[in-house]
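Please read the structure below before turning to the comments.
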Ligand code: GAR
């Protein structure tokens with residue numbers, strides 16, 4: 472990558488970490504203008520921690536079980552990220568709802584990826600929700616995080632067909648492929664200032680981008 476600015480980010484996860492790997496690789500290969508300062512998990516046994524360490528990224532564990540309240544956990548999490556100089560936060564399979572205590576420390580700077588076309592199928596088991604509903608199309612969404620569950624302004628979406636023979640695993644795998652490709656591109660648009668937020672709508676900025 473040239474000497475263009477790289478934005479210090481953290482990636483938060485709770486599990487396997489394929490989206491984290493996709494973001495870190497894109498940052499290392501120049502497709503994402505990010506400096507991944509730390510990967511944090513609320514679960515010590517998250518597979519993504521080992522993958523991050525293998526990619527040379529510092530890792531940390533902050534267990535929500537060590538805190539009495541959501542706010543206490545969120546405050547400690549924000550402090551941890553601040554110590555790493557983080558400006559933006561990418562959630563990548565981080566299965567905790569963040570309170571305003573955290574979000575107010577990173578206003579409009581927390582981004583999430585979700586395995587459905589929001590506002591359809593928020594929450595957990597979104598792929599099974601799509602199958603149970605009988606949807607013919609589902610997909611994935613990158614969005615800004617607000618105080619609700621998967622309710623923030625949509626940055627980018629990709630559709631995935633539901634096939635007759637799909638079960639949860641097969642559909643999840645096809646969506647995940649799209650997630651891994653979409654997340655670095657969508658996050659780069661945010662980090663490089665290519666987007667503006669107007670109410671709920673996220674639009675392309677007319678001004679030249681910052682990267
Ligand atoms: C991904 O499918 C992501 O969209 C989902 O968890 C999975 C994490 O996979 N996130 C949510 O459901 C958040 N509501 P990964 O650990 O391999 O990136």
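In our numbering, the protein residues as written are 472 to 682.
Positions of the beta carbon are idealized from the N, C-alpha and C atoms, including for glycine.
Enumerate in chain order the residues of its own chain whose CB-to-CB distance from residue 482 is below 7 Å, with the five nearest sequence positions on each side excluded. 491, 494, 507, 510, 561 and 563, listed in sequence order.
Tell me the residue span of the beta strand (DSSP E) that contains residue 571. Where residue 571 is concerned, there is no enclosing beta strand (DSSP E), although the alpha helix (DSSP H) it sits in stretches over 571 to 574.
Boundaries of the alpha helix (DSSP H) in which residue 490 is found, first to last residue: Residue 490 -> alpha helix (DSSP H) spans 489 to 500.
Are the beta-carbon atoms belonging to residue 577 and residue 559 less than 9 Å from one another? Pairing residue 577 with residue 559 gives a Cβ-Cβ distance under 9 Å.
Cα separation between residue 472 and residue 603? Note on residue 472: pLDDT 46, under 50, position unreliable in the model; the coordinate value appears next. A straight line joining the alpha-carbon of residue 472 with that of residue 603 spans about 45 Å.
DSSP on residue 542, reduced to helix/strand/coil? Three-state result, residue 542: helix.
Residue 548 (DSSP reduced to helix, strand or coil): Correct three-state label for residue 548: helix.
Any Cβ of chain B within less than 9 Å of the Cβ of residue 673? No chain B appears in this structure, which consists of one protein chain only.
Could you check how far apart the C-beta atoms of residue 653 and residue 613 are, in whole angstroms? I think they sit under 8 Å. Confirmed, Cβ separation roughly 6 Å.
Based on the DSSP secondary-structure assignment, which residues constitute the bridge partners of residue 632? In the DSSP output, where bridge partners are listed per residue, residue 632 has 608.
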